[in-house]
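Chains as they are written, first to last, in the working numbering: chain S, 1 to 275; chain P, 1 to 296. Here a beta-carbon is modelled for each residue, glycine too, at the ideal position from N, C-alpha and C. First the structure, in the form of structure tokens, and then the observations on it.
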């Protein structure tokens with residue numbers, strides 16, 4: 001078995017045993033269970049009902065919880081392992097640095113993405129059982145968006161972990177990064193636009209660069225294709241991209257950001273002190 | 001086997017290792033001694049390729065950073081502080097064996113010889129083992145990989161006397177095939193294991209000397225006679241698996257040949273209580289003399 005697969009498997013097994021994973025899995029599983037229990041599928045909002053209504057609500061919560069959870073748990077476990085001497089020992093074994101680093105990322109991707117996906121899949125399964133119509137296209141697009149978002153923040157988390165020399169610094173940096181992304185979400189951007197202090201193009205460019213906003217816009221687009229809630233900014237997105245193209249962008253861009261961040265992290269990791 | 005040329009490692013303003021030149025040949029067993037902050041661990045981490053450094057390091061002619069897998073494939077490492085791994089023992093064994101291209105049984109056989117039955121602890125998380133069990137397992141992984149270079153940081157510190165004897169015997173089997181670098185704060189802990197002593201201070205080598213080879217294998221039959229029964233020495237001797245006579249005055253047991261310095265160091269703390277000490281090499285088959293002393 002290749003060293004990459006061995007390391008990925010090791011990371012999956014280590015994560016599954018960790019307490020944070022239990023909390024993480026319970027949160028997403030619990031959200032879906034709570035939605036069913038409180039009759040979200042029976043309620044109607046903006047014309048959405050049934051599983052569509054559940055998925056729309058679910059993805060809004062995923063956007064709020066998943067990025068910070070991935071960032072904090074990634075930097076905590078990677079920087080924590082380094083501080084505790086786990087790296088000193090495991091990196092004295094003849095495993096290549098590339099296999100070690102990418103193996104950890106791939107293993108962790110499975111660990112952070114699967115609970116979110118399985119909770120959604122469980123909802124779809126329950127809907128099929130209860131003979132509620134499942135919007136499979138929406139399900140597929142949401143899966144793609146969530147996978148891209150998981151990869152993006154995982155890559156960013158790994159990059160921060162390689163730069164920071166202590167868990168405290170890594171956690172602080174991860175939290176700051178999340179706050180910056182939150183700061184430039186649509187409501188604040190709209191406020192800036194209204195004030196007119198910054199050129200409209202710059203505001204829209206920021207919105208398109210912020211992976212959290214890209215994810216949010218992509219998710220909104222599925223139940224509000226004309227992006228009415230965005231006001232005039234929606235014209236820019238439709239003029240530049242067109243609806244379907246933006247969905248592709250919403251998956252490709254965070255994936256690219258995550259890959260670049262993970263790649264930069266690998267360069268930092270390989271060139272610096274490992275422990 | 002190992003060559004360090006002008007090896008320098010700095011952390012901001014602190015120069016932890018300062019232009020070290022060192023050559024270690026195959027079959028050498030080196031005690032790397034020095035106080036905290038002397039640069040021992042930093043030097044070891046440079047050899048393992050875990051630190052970037054100035055100067056040059058070559059293990060078997062290869063650079064530990066550029067030919068990492070190749071170099072580390074030849075090195076077995078035992079850290080001073082066992083890592084707090086949450087994985088079960090079986091998983092650690094599987095991972096270590098797989099990345100080293102060995103079988104798990106190669107490692108578990110060594111563990112058995114050290115007195116650790118890994119099947120009993122297979123499902124237990126590594127960090128929940130006792131200090132001695134962790135040490136035995138890490139030694140087993142290092143030795144089970146059949147490495148050409150053994151780098152060990154205080155390897156026998158947490159071992160009981162029986163395990164120490166088994167450990168010395170295992171090292172003795174590798175005397176001709178492996179190079180050993182054993183780091184310790186105290187020379188008496190490792191003196192009997194080595195044939196060369198290197199002392200470091202503030203990142204530099206301040207002493208580099210050959211020492212007489214002493215046998216790593218064999219047991220010494222030992223009898224300690226006390227002036228009067230005493231709880232403290234009784235407890236110490238019990239830890240060495242000695243048994244007392246009915247009146248608590250005569251204690252008999254065995255001491256590993258390589259442990260004689262450490263054992264006599266222990267006795268020296270109670271010298272006022274001793275009337276007679278006998279260390280009989282005949283028992284080990286390694287010699288034919290009787291080392292005996294009677295206190296005045």
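How is residue i classed by DSSP in three states: helix, strand or coil?
{"i": "residue 205(P)", "result": "strand"}
{"i": "residue 122(P)", "result": "coil"}
{"i": "residue 244(P)", "result": "strand"}
{"i": "residue 1(P)", "result": "coil"}
{"i": "residue 288(P)", "result": "Residue confidence for residue 288(P) is low, a pLDDT of 41 falling below 50, so the modelled location carries little weight; the figure read from the coordinates is stated next. Note: residue 288(P) maps to coil in three-state DSSP."}
{"i": "residue 52(P)", "result": "coil"}
{"i": "residue 20(S)", "result": "helix"}
{"i": "residue 39(P)", "result": "coil"}
{"i": "residue 80(S)", "result": "helix"}
{"i": "residue 266(P)", "result": "helix"}
{"i": "residue 38(S)", "result": "coil"}
{"i": "residue 219(P)", "result": "strand"}
{"i": "residue 76(P)", "result": "strand"}
{"i": "residue 52(S)", "result": "helix"}
{"i": "residue 26(P)", "result": "coil"}
{"i": "residue 12(P)", "result": "coil"}
{"i": "residue 283(P)", "result": "Any reading at residue 283(P) must be qualified, since the residue scores a pLDDT of 48, below 50, and its modelled position is unreliable; no value is offered."}
{"i": "residue 212(P)", "result": "coil"}
{"i": "residue 270(S)", "result": "helix"}
{"i": "residue 129(P)", "result": "coil"}
{"i": "residue 34(P)", "result": "coil"}
{"i": "residue 183(P)", "result": "strand"}
{"i": "residue 19(P)", "result": "strand"}
{"i": "residue 296(P)", "result": "Low local confidence applies: a pLDDT of 44 at residue 296(P) is under 50, so the model's placement there is unreliable, with the coordinate-based value given in what follows. In the structure shown, residue 296(P) sits in coil (DSSP, three-state: anything other than H, G, I, E or B)."}
{"i": "residue 2(S)", "result": "coil"}
{"i": "residue 253(P)", "result": "strand"}
{"i": "residue 58(P)", "result": "strand"}
Given this structure, state the Cα-to-Cα distance separating residue i from residue j, to the nearest angstrom.
{"i": "residue 121(S)", "j": "residue 87(S)", "result": "36 Å"}
{"i": "residue 103(S)", "j": "residue 37(S)", "result": "38 Å"}
{"i": "residue 38(P)", "j": "residue 195(P)", "result": "21 Å"}
{"i": "residue 166(P)", "j": "residue 244(P)", "result": "24 Å"}
{"i": "residue 236(P)", "j": "residue 71(P)", "result": "42 Å"}
{"i": "residue 258(S)", "j": "residue 155(S)", "result": "4 Å"}
{"i": "residue 97(P)", "j": "residue 24(S)", "result": "32 Å"}
{"i": "residue 265(S)", "j": "residue 218(S)", "result": "27 Å"}
{"i": "residue 78(S)", "j": "residue 264(P)", "result": "45 Å"}
{"i": "residue 22(P)", "j": "residue 198(P)", "result": "10 Å"}
{"i": "residue 248(P)", "j": "residue 118(P)", "result": "37 Å"}
Identify, in the order they occur along the chain, each residue of the same chain with its Cβ nearer than 7 Å to the Cβ of residue i, setting aside the five sequence neighbours on each side.
{"i": "residue 12(S)", "result": "107, 110 and 111"}
{"i": "residue 157(S)", "result": "70, 71, 74, 75 and 174"}
{"i": "residue 74(P)", "result": "59, 60, 147, 148 and 149"}
{"i": "residue 222(S)", "result": "138 and 141"}
{"i": "residue 126(S)", "result": "36"}
{"i": "residue 274(S)", "result": "87 and 91"}
{"i": "residue 94(P)", "result": "104"}
{"i": "residue 40(P)", "result": "32, 34, 183 and 200"}
{"i": "residue 62(P)", "result": "70 and 71"}
{"i": "residue 64(P)", "result": "47, 48, 49, 57 and 71"}
{"i": "residue 163(S)", "result": "268"}
Near residue i, what residues of its chain come up, given a Cβ to Cβ distance below 8 Å and the 5 sequence neighbours on each side ignored?
{"i": "residue 262(P)", "result": "188, 189 and 192"}
{"i": "residue 18(P)", "result": "8, 39, 202, 203 and 204"}
{"i": "residue 281(S)", "result": "Outside the modelled stretch of chain S, which goes from 1 to 275, sits residue 281(S), for which no answer is possible."}
{"i": "residue 66(S)", "result": "112, 116, 146, 149, 150 and 153"}
{"i": "residue 59(S)", "result": "142, 145, 146 and 219"}
{"i": "residue 123(S)", "result": "32, 35, 36, 51, 54, 55 and 58"}
Once the 5 residues before and after residue i are set aside, which same chain residues still bring their CB inside 6 Å of it?
{"i": "residue 121(P)", "result": "89"}
{"i": "residue 210(P)", "result": "196"}
{"i": "residue 254(S)", "result": "148, 149, 152 and 211"}
My parser needs the alpha helix (DSSP H) runs of 4 or more residues fully inside the stretch 79 to 110 of chain P; what are they? Segments of the alpha helix (DSSP H) lying fully in the stretch 79 to 110 of chain P: 89 to 100.
Whole runs of the beta strand (DSSP E) within the stretch 144 to 177 of chain P, excluding any shorter than 3 residues: For the stretch 144 to 177 of chain P, the continuous beta strand (DSSP E) assignments of 3+ residues that do not extend past its boundaries occur at 149 to 153, in sequence order.
What runs of the alpha helix (DSSP H), each 4 residues or longer, lie entirely inside the stretch 113 to 179 of chain S? Along the length of the stretch 113 to 179 of chain S, whole alpha helix (DSSP H) runs at least 4 residues long occupy 136 to 163, reported in chain order.
What residues in the stretch 84 to 113 of chain P have a beta carbon less than 7 Å from any beta carbon of chain S? With the criterion set as a beta carbon lying under 7 Å from some beta carbon of chain S, the members of the stretch 84 to 113 of chain P are 84, 85, 86, 87, 91, 95, 96, 98, 99 and 100, in sequence order.
Mind checking the stretch 3 to 37 of chain S against chain P and listing, in chain order, the residues whose C-beta falls within less than 9 Å of any C-beta there? Residues 3, 6, 7, 9, 10, 13, 14, 17 and 18.
Residues in the stretch 11 to 26 of chain P having any Cβ partner in chain S nearer than 7 Å: So nothing in the stretch comes that close.
Contact list for the stretch 70 to 89 of chain S against chain P, Cβ threshold 9 Å: The residues in question are 81, 84, 85, 86, 87, 88 and 89.
Against chain P: residues of the stretch 250 to 273 of chain S by CB proximity under 8 Å: Within the stretch 250 to 273 of chain S, the residues whose Cβ lies closer than 8 Å to any Cβ of chain P are, in chain order, 271, 272 and 273.
Taking only beta carbons into account, state which residues of the stretch 90 to 113 of chain S come closer than 8 Å to chain P, listed in chain order. Residues of the stretch 90 to 113 of chain S with a Cβ closer than 8 Å to any Cβ of chain P, in chain order: 90, 91, 92, 93, 94, 95, 96 and 97.
Between the stretch 166 to 181 of chain S and chain P, which residues of the former have CB atoms less than 8 Å from a CB of the latter, in chain order? Correct list: empty, as no residue qualifies.
Can you give me, in chain order, the residues of the stretch 21 to 55 of chain P that have a beta carbon less than 8 Å from any beta carbon in chain S? Look at the stretch 21 to 55 of chain P: the residues with a C-beta under 8 Å from a C-beta of chain S are 45, 48, 49, 50, 51 and 52.
Taking Cβ-Cβ distances below 8 Å as the criterion, which residues of the stretch 250 to 283 of chain P are in contact with chain S? Using a CB distance below 8 Å, no part of the stretch 250 to 283 of chain P faces chain S.
At which residue ranges does the stretch 185 to 220 of chain S contain complete alpha helix (DSSP H) runs of 4 or more residues, listed in the order of the chain? Fully enclosed alpha helix (DSSP H) runs of 4 or longer: 186 to 195 and 200 to 209.
Mind listing which residues of the stretch 136 to 159 of chain P have their C-beta closer than 7 Å to chain S's C-betas, in chain order? Listed in sequence order: no entries.
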